[in-house]
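Protein chains in written order, with the UniProt record's numbering: chain A, 1 to 196; chain B, 1 to 196.
The beta carbon of each residue, even a glycine, is placed where N, CA and C say it ideally should be.
Number of protein chains: 2
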Amino acid sequence: MASRSTQILEAAARMIARRGVRGLRVEELAAEAGVSTGLIYYHFKDRTGILRHTLAFINDRAARYTQDRPAGAEPLGPREELEHALLLELQDTPEVEENSSAWGELRASAVFEPVLREDLARATLVWVQEIAALLGRVHPLSPAAALAAAAERLTALVEGLSMRWLSGGLAIDHARTLLKEAVATELGHLEAARNS
Amino acid sequence: MASRSTQILEAAARMIARRGVRGLRVEELAAEAGVSTGLIYYHFKDRTGILRHTLAFINDRAARYTQDRPAGAEPLGPREELEHALLLELQDTPEVEENSSAWGELRASAVFEPVLREDLARATLVWVQEIAALLGRVHPLSPAAALAAAAERLTALVEGLSMRWLSGGLAIDHARTLLKEAVATELGHLEAARNS
DNA sequence: GTCTATAGTCAGATAGAC
DNA sequence: GTCTATCTGACTATAGAC
């Protein structure tokens with residue numbers, strides 16, 4: 001099932017989350033994945049190739065855990081679903097922390113590695129649209145532009161809070177509280193705009 | 001006036017903004033600063049020492065341009081001052097872009113370099129308190145905790161937007177618009193909370 | 001305090017066998 | 001597809017003269 005290259009990408013996500021993009025050593029990655037360095041270059045061409053494919057890999061994985069709802073769970077209301085979707089990225093479970101940490105690293109690296117930008121921009125857009133759609137289910141009458149702007153703010157806030165959490169300055173519980181309040185604030189704003 | 005070590009730190013901020021922390025080469029830094037590598041190690045001990053001092057340096061510099069208002073400018077109202085303070089970090093003038101970019105890099109690096117965390121946390125706290133104070137001047141009756149939370153959200157949002165801007169996915173004008181709306185949203189929320 | 005020269009290390013990448 | 005062995009270049013850090 002898990003092909004060799006998948007195995008390498010899983011290890012790469014792990015290593016990036018643990019040591020950062022800057023700390024990613026191809027030889028170390030090889031050890032972690034249980035393969036040789038030669039094989040890594042065979043599959044991904046060079047260091048940048050590893051990063052590009054790892055970015056795609058964590059996006060797929062995030063898309064998967066975003067949509068998976070536990071089988072027995074009762075269906076959530078639109079508002080709960082929105083909160084749930086945003087809070088997903090601020091959890092200190094190993095899988096999510098790994099994804100958030102790697103995502104943050106890749107975002108930061110993209111400032112100086114243009115090859116990463118396009119994929120990152122695409123993935124961000126998908127995320128923003130997903131949140132905008134959820135906002136639209138809470139406030140169906142709000143104009144699309146207002147929903148999109150709110151979604152951009154909320155997702156950018158998640159990234160900002162996530163960075164602070166991971167860099168040690170902000171407790172995860174507090175980050176989650178701040179985010180929930182931001183959701184309330186944005187929803188209140190959409191409400192108010194509609195009634196004017 | 002500009003001592004040798006200041007000269008080196010100015011160059012370091014420039015290099016980090018241009019190439020990132022990972023891309024900072026001591027030899028390149030030496031060339032940029034017009035000194036030898038030996039001198040850099042003499043002043044800053046090692047690569048980490050360079051990073052730590054550069055972080056302190058850009059904080060001081062940001063504190064300076066935050067407080068400097070042009071001499072002839074008419075005094076701003078509290079609301080305008082708040083917006084002004086937040087938008088400061090989202091400008092594409094060379095000096096600010098350099099500071100924002102270096103700040104973002106150092107923030108991202110701190111996830112994996114514990115030595116940077118303490119200074120970063122302290123600097124963040126100062127910034128948050130400054131914004132909270134400005135919020136308090138707009139809404140003097142709001143409880144301190146609400147002001148602090150709003151300030152944390154707004155500053156985290158600035159960092160999130162700044163990252164997206166620098167990594168190429170978000171136009172600066174749009175980032176500024178989103179931030180202005182966020183200020184309005186947060187102020188509206190403080191207002192609403194007071195009337196309940 | 002400042003420079004020059006260099007030691008020592010390590011990481012990215014490739015060649016070639018299997 | 002996968003591994004072993006290795007090359008080459010680059011970068012940090014130090015020693016020692018001035």
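What residues from chain A crowd round valine 21 of chain B, counting only those whose CB sits closer than 8 Å?
The contacting residues are Arg22.
Counting along the chain, where does the alpha helix (DSSP H) carrying glycine 53 of chain B start and finish?
It is worth fixing the name first, because residue 53 of chain B is histidine in this sequence and not glycine. Taken as a continuous stretch (DSSP letters only), the alpha helix (DSSP H) holding histidine 53 of chain B covers 47-67.
State the Cα-Cα distance for the pair glutamate 89 of chain B and alanine 2 of chain A, rounded to the nearest angstrom.
Distance between the alpha carbons of glutamate 89 of chain B and alanine 2 of chain A is about 45 Å.
Taking only beta-carbon positions, decide if glutamate 152 of chain A is within less than 7 Å of chain B.
Taking Cβ atoms only, chain B reaches closer than 7 Å to glutamate 152 of chain A, which makes this a yes.
Leaving aside the five residues before and after serine 162 of chain B along the sequence, list all residues of the same chain whose C-beta is less than 7 Å from its C-beta, in chain order.
For serine 162 of chain B, where only same-chain residues beyond five positions count, the Cβ hits under 7 Å are Glu89, Leu90, Ser100, Gly104.
If you draw a straight line from the C-alpha of leucine 179 of chain B to the C-alpha of arginine 164 of chain B, how long is it?
Cα to Cα, leucine 179 of chain B sits roughly 13 Å from arginine 164 of chain B.
How do the segment 178-195 of chain A and the segment 148-157 of chain A stand: do at least 3 beta-carbon pairs fall below 8 Å, yes or no?
Yes, the segment 178-195 of chain A is in contact with the segment 148-157 of chain A.
Leucine 161 of chain B versus chain A: which residues are under 7 Å apart at the beta carbon?
Result: Ala156.
Could you tell me whether the Cβ atoms of alanine 110 of chain B and leucine 120 of chain B are closer together than 7 Å?
Against a cut-off of 7 Å, the Cβ pair of leucine 120 of chain B and alanine 110 of chain B comes out as a contact.
Please go through the segment 75-134 of chain A and give each complete beta strand (DSSP E) segment of 3 or more residues, from N-terminal end onward.
DSSP runs (the beta strand (DSSP E)) wholly in the segment 75-134 of chain A: none.
Isoleucine 50 of chain B and phenylalanine 44 of chain B - do their beta-carbons sit closer together than 7 Å?
A contact, by the Cβ cut-off of 7 Å.
Using 7 Å as the limit for Cβ to Cβ distance, is threonine 185 of chain B near chain A?
Yes, because at least one Cβ of chain A sits closer than 7 Å to the Cβ of threonine 185 of chain B.
Would you decide whether glutamate 118 of chain B is buried or exposed? Buried here means 16 or more other CB atoms lie within 10 Å of its CB.
Glutamate 118 of chain B should be labelled exposed.
DSSP three-state label for valine 21 of chain A, please.
Coil, per DSSP.
Would you mind sorting glutamate 98 of chain A into buried or exposed? The rule is 16 or more other CB atoms within 10 Å of its CB.
That one is buried.
Can you give the beta carbon distance from threonine 54 of chain A to alanine 12 of chain A, rounded, assuming they're within the 8 Å contact cut?
Confirmed, about 4 Å.
Hey, does arginine 117 of chain B have any beta-carbon neighbour from chain A nearer than 7 Å?
Arginine 117 of chain B counts as touching chain A.
DSSP three-state call for glycine 38 of chain A: helix, strand or coil?
Helix, per DSSP.
Is it true that the segment 126-138 of chain B meets the segment 70-82 of chain B, where meeting means three or more beta-carbon pairs spaced less than 8 Å apart?
Yes, since at least three Cβ pairs between the segment 126-138 of chain B and the segment 70-82 of chain B fall closer than 8 Å, the two stretches touch.
Buried or exposed for glutamate 27 of chain A, going by 16 or more other Cβ atoms inside 10 Å?
Flag for glutamate 27 of chain A reads exposed.
DSSP three-state call for leucine 170 of chain B: helix, strand or coil?
In this structure, leucine 170 of chain B counts as coil in the three-state DSSP scheme.
To the nearest angstrom, report how far apart arginine 18 of chain A and phenylalanine 112 of chain B are at their CA atoms.
For arginine 18 of chain A and phenylalanine 112 of chain B, the distance between alpha carbons rounds to 8 Å.
Quick check: what's the CA-CA separation for alanine 193 of chain A versus alanine 146 of chain A?
The straight-line gap from Cα to Cα measures roughly 9 Å.
Report the CB separation of leucine 86 of chain A from leucine 141 of chain A in whole angstroms; it is logged as a contact under 8 Å.
Actually they are not in contact, since the Cβ atoms of leucine 86 of chain A and leucine 141 of chain A sit about 22 Å apart, beyond 8 Å.
Applying a beta-carbon distance threshold of less than 7 Å, which residues of chain B neighbour histidine 189 of chain A?
Thr185, Gly188, listed in chain order.
Give me, in chain order, the residues of the same chain whose beta-carbon lies closer than 6 Å to that of isoleucine 16 of chain B; leave out the 5 immediate sequence neighbours on both sides.
Excluding positions up to five away in sequence, the list reads Leu24, Ala102, Glu105.
7 Å is my cut-off, CB to CB: does valine 96 of chain A come that close to chain B?
Taking Cβ atoms only, chain B never reaches closer than 7 Å to valine 96 of chain A, which makes this a no.
Going by DSSP in three states, alanine 31 of chain A sits in which element: helix, strand or coil?
DSSP places alanine 31 of chain A in helix when its eight states are reduced to three.
Counting only the same chain and skipping the five closest in sequence on each side, list residues whose C-beta sits under 7 Å from that of leucine 157 of chain B.
Excluding sequence neighbours, leucine 157 of chain B sits near Leu179, Ala182.
Taking only beta-carbon atoms, is alanine 148 of chain A less than 7 Å away from chain B?
So no, alanine 148 of chain A is outside the interface.
Determine the DSSP secondary structure at leucine 141 of chain B, reduced to helix, strand or coil.
Coil, per DSSP.
Under a Cβ-count criterion, where at least 16 other Cβ atoms within 10 Å of its own Cβ denotes burial, should glycine 169 of chain B be classed as buried or exposed?
Buried, because 16 or more other Cβ atoms sit within 10 Å of the Cβ of glycine 169 of chain B.
I think isoleucine 172 of chain B touches aspartate 92 of chain B, with their Cβ atoms under 8 Å apart; what is that distance to the nearest whole Å?
5 Å between Cβ atoms; contact.
Could you list which residues in chain A have their beta carbon closer than 7 Å to that of leucine 166 of chain B, in chain order?
In chain order: Val111.
Using the Cβ count rule (16 or more neighbours within 10 Å means buried), how would you classify glycine 77 of chain B?
Exposed, since its Cβ has fewer than 16 Cβ neighbours within 10 Å.
In the structure shown, what three-state DSSP assignment does serine 3 of chain B receive?
If DSSP states are grouped into helix, strand and coil, serine 3 of chain B belongs with coil.
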